[in-house]
Amino acid sequence: MSDLPFIPQANPGAGYRALKAEIDAAVSRALASGWYILGAEGRAFEAEYAAWLGTAHAVGCANGTDALALALRALGIGPGSAVATVSHTAVATVAAIEMVGATPVLIDIDPAFYTMDPVELGTVIAHPPTGLPPIRAVIPVHLYGQAADIPAIRAAAPGLPVIEDCSQAHGATLGGRKLGTLTEISTFSLYPTKNLGALGDGGVIATGDAGLATRLAALRQYGWHTHYISDEAGVNSRLDELQAAILRVKLAHLDAQNARRAAIAARFDAACAAGGLTPPARRPDATHVFHQYVLRVPDRADFQARMKARGIGTGIHYPMPVHLQPAYAGRVALGPAACAATALASAEVVSLPIHPDLTEAELDRICAALA
Ligand SMILES: *Cc1c(COP(=O)(O)O)cnc(C)c1O
Numbered sequence: 000m001s002d003l004p005f006i007p008q009a010n011p012g013a014g015y016r017a018l019k020a021e022i023d024a025a026v027s028r029a030l031a032s033g034w035y036i037l038g039a040e041g042r043a044f045e046a047e048y049a050a051w052l053g054t055a056h057a058v059g060c061a062n063g064t065d066a067l068a069l070a071l072r073a074l075g076i077g078p079g080s081a082v083a084t085v086s087h088t089a090v091a092t093v094a095a096i097e098m099v100g101a102t103p104v105l106i107d108i109d110p111a112f113y114t115m116d117p118v119e120l121g122t123v124i125a126h127p128p129t130g131l132p133p134i135r136a137v138i139p140v141h142l143y144g145q146a147a148d149i150p151a152i153r154a155a156a157p158g159l160p161v162i163e164d165c166s167q168a169h170g171a172t173l174g175g176r177k178l179g180t181l182t183e184i185s186t187f188s189l190y191p192t193k194n195l196g197a198l199g200d201g202g203v204i205a206t207g208d209a210g211l212a213t214r215l216a217a218l219r220q221y222g223w224h225t226h227y228i229s230d231e232a233g234v235n236s237r238l239d240e241l242q243a244a245i246l247r248v249k250l251a252h253l254d255a256q257n258a259r260r261a262a263i264a265a266r267f268d269a270a271c272a273a274g275g276l277t278p279p280a281r282r283p284d285a286t287h288v289f290h291q292y293v294l295r296v297p298d299r300a301d302f303q304a305r306m307k308a309r310g311i312g313t314g315i316h317y318p319m320p321v322h323l324q325p326a327y328a329g330r331v332a333l334g335p336a337a338c339a340a341t342a343l344a345s346a347e348v349v350s351l352p353i354h355p356d357l358t359e360a361e362l363d364r365i366c367a368a369l370a
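Sequential numbering from 0 applies to the sequence shown in numbering that gives the first Met the number 0.
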């Protein structure tokens with residue numbers, strides 16, 4: 000084992016310490032306000048997030064899973080509807096579809112970019128699996144910080160609403176436009192390890208549609224359009240003032256942190272080339288924000304053990320595709336590819352540490368190990 004300090008794959012504590020003075024001041028301000036749920040901090044965060052993203056409306060909520068479920072509900076999708084998404088994702092994407100009573104159908108990935116295969120999506124829309132309710136929405140996931148092919152997905156699913164799951168892609172672009180502004184509605188997790196992370200749970204939904212925004216703001220709080228009067232049945236999924244105050248601080252640093260991730264990725268690319276490893280593919284006309292820097296290694300356990308011996312943590316995103324997990328295996332609908340590329344990827348993917356607070360010394364150690 001290495002005697003050097005261990006480099007964890009993710010390190011949200013370092014993210015806090017790097018901004019401690021600013022975050023502590025924001026927390027004190029929120030505590031002193033005497034207002035802890037849906038107040039000035041939350042409204043300011045929503046306005047600042049919408050402006051940063053370049054969309055008209057952002058609605059805070061409790062987490063990224065709820066953000067997806069609220070988006071589906073706002074679009075009127077529930078029991079009797081199927082929703083196409085991927086199996087190579089955080090289980091949350093699929094869980095959110097079932098939370099609203101809809102039926103997931105899982106499409107395989109394009110193995111180069113780990114995102115939804117638009118060709119198979121088109122096949123599933125044209126020839127849905129038997130026994131499936133009508134497909135009424137599509138949720139592509141912008142995985143690891145890089146865009147799914149939204150124009151091709153749109154073309155494969157004409158007329159269907161598309162919800163971008165941007166939980167791993169805050170700030171990434173496609174065709175010069177920020178992800179989360181390419182479709183009618185998009186969702187972001189603000190879990191601590193995401194590119195924009197709270198110090199607790201949080202989520203946000205973005206839309207350019209004022210009607211959807213109003214509906215989302217009601218659905219997240221019991222369906223209230225007016226205080227204490229539920230016009231429709233909603234849920235409790237609010238972003239609290241402490242997290243909103245913290246997120247306002249972190250949002251101001253997000254672009255610089257994404258630039259730092261890109262610079263780290265460039266260092267890794269060079270080290271991978273030296274070490275005979277293939278760097279992750281970049282989609283043309285897109286910017287990748289490197290939520291994860293993911294390699295494919297056939298001898299993954301050995302690779303991880305050798306990195307660990309050098310004091311370097313690695314992760315696997317994700318070790319078991321959703322369709323093979325005990326809760327879903329055998330009962331969740333798949334497209335004709337039966338998620339074969341997904342299963343191959345999940346056996347080989349490995350994620351390096353890439354958070355923006357890595358020190359130069361840590362970066363040098365990781366690059367030396369790769370080379
Ligand atoms: C993190 C994540 C989620 C879920 O977010 P939570 O805030 O943990 O509920 C959903 N989708 C993707 C792709 C994620 O990475």
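Cβ coordinates follow ideal geometry from the N, Cα and C atoms, glycine included.
Proximity to residue i [Cα-Cα], best of the options
| i | options | result |
| --- | --- | --- |
| residue 124 | 62, 37, 247, 80 | 80 |
| residue 83 | 306, 360, 334, 220 | 334 |
| residue 49 | 184, 236, 256 | 184 |
| residue 115 | 246, 98, 163 | 163 |
| residue 177 | 206, 228, 272 | 206 |
| residue 110 | 102, 295, 300, 359 | 295 |
| residue 108 | 258, 85, 95 | 85 |
| residue 364 | 311, 341, 330 | 311 |
| residue 272 | 367, 129, 229 | 367 |
| residue 236 | 215, 131, 256 | 215 |
| residue 257 | 46, 218, 54, 145 | 145 |
| residue 65 | 286, 219, 322, 246 | 219 |
| residue 266 | 370, 255, 212, 282 | 370 |
| residue 221 | 232, 212, 213 | 232 |
| residue 152 | 121, 128, 167 | 121 |
| residue 179 | 131, 134, 140 | 140 |
| residue 76 | 14, 46, 98, 251 | 98 |
| residue 208 | 68, 57, 47, 136 | 57 |
| residue 188 | 318, 14, 246 | 246 |
Sequence-distant residues of its chain with Cβ nearer than 7 Å to residue i (five each side left out)
| i | result |
| --- | --- |
| residue 244 | 25, 26, 28, 29, 40 |
| residue 11 | 191, 192, 196 |
| residue 181 | 149, 163, 173 |
| residue 38 | 32, 240 |
| residue 21 | 248 |
| residue 16 | none |
| residue 270 | 366, 369, 370 |
According to DSSP, residues forming a beta bridge with residue i
| i | result |
| --- | --- |
| residue 36 | 239 |
| residue 5 | Answer is none; residue 5 lacks a bridge partner. |
| residue 187 | 203 |
| residue 57 | 205 |
| residue 349 | 294 |
| residue 177 | 172 |
| residue 84 | 105 |
| residue 164 | 140, 186 |
Beta-carbon contacts of residue i that lie in its chain and below 6 Å, excluding the five residues immediately before and after
| i | result |
| --- | --- |
| residue 284 | 174 |
| residue 291 | 143, 316, 350 |
| residue 62 | 200, 202 |
| residue 276 | 294 |
| residue 340 | 107, 108, 110 |
| residue 78 | 100 |
| residue 5 | 310 |
| residue 327 | 321 |
| residue 59 | 41, 45, 203, 238 |
| residue 287 | 144, 145, 281 |
| residue 55 | 207 |
Neighbourhood of residue i by C-beta distance below 8 Å, restricted to the same chain and skipping five residues each side
| i | result |
| --- | --- |
| residue 313 | 8, 302, 303, 306, 307, 349, 350, 351, 352 |
| residue 263 | 289, 292, 353, 355, 357, 362 |
| residue 253 | 51, 169, 170, 194, 195 |
| residue 324 | 90 |
| residue 217 | 223, 224, 230, 231, 233 |
Proximity test, Cβ basis, 8 Å: residue i and chain D
| i | result |
| --- | --- |
| residue 88 | Here chain D cannot be found, since the structure has a single protein chain. |
- prompt: Considering only residues of the region 86 to 114, which uninterrupted beta strand (DSSP E) runs meet the minimum length of 3 residues and lie entirely inside it, listed in chain order?
  reply: Counting only runs of 3 or more, we get 102 to 106.
field: Length at least 3, wholly inside the region 200 to 288: the beta strand (DSSP E) runs in chain order
entry: Secondary structure remark: continuous beta strand (DSSP E) runs of at least 3 residues inside the region 200 to 288, in chain order: 202 to 206, 223 to 225.
field: the region 152 to 163 contacting the region 42 to 59, beta-carbon criterion three pairs below 8 Å
entry: No, the region 152 to 163 is not in contact with the region 42 to 59.
query: Can you find at least 3 beta carbon pairs, one from the region 321 to 341 and one from the region 268 to 282, that sit closer than 8 Å?
result: Counting C-beta pairs with one atom in each stretch, the region 321 to 341 and the region 268 to 282 have fewer than three that are closer than 8 Å, which means they do not touch.
field: beta strand (DSSP E) runs wholly inside the region 298 to 355, at least 3 long, in chain order
entry: The beta strand (DSSP E) runs of length 3 or more contained entirely in the region 298 to 355 are, from start to end of the chain, 348 to 351.
task: Report the residue ranges of all beta strand (DSSP E) runs contained in full by the region 110 to 146; include only those spanning at least 3 residues, in chain order.
output: List check, beta strand (DSSP E) in window: 134 to 137.
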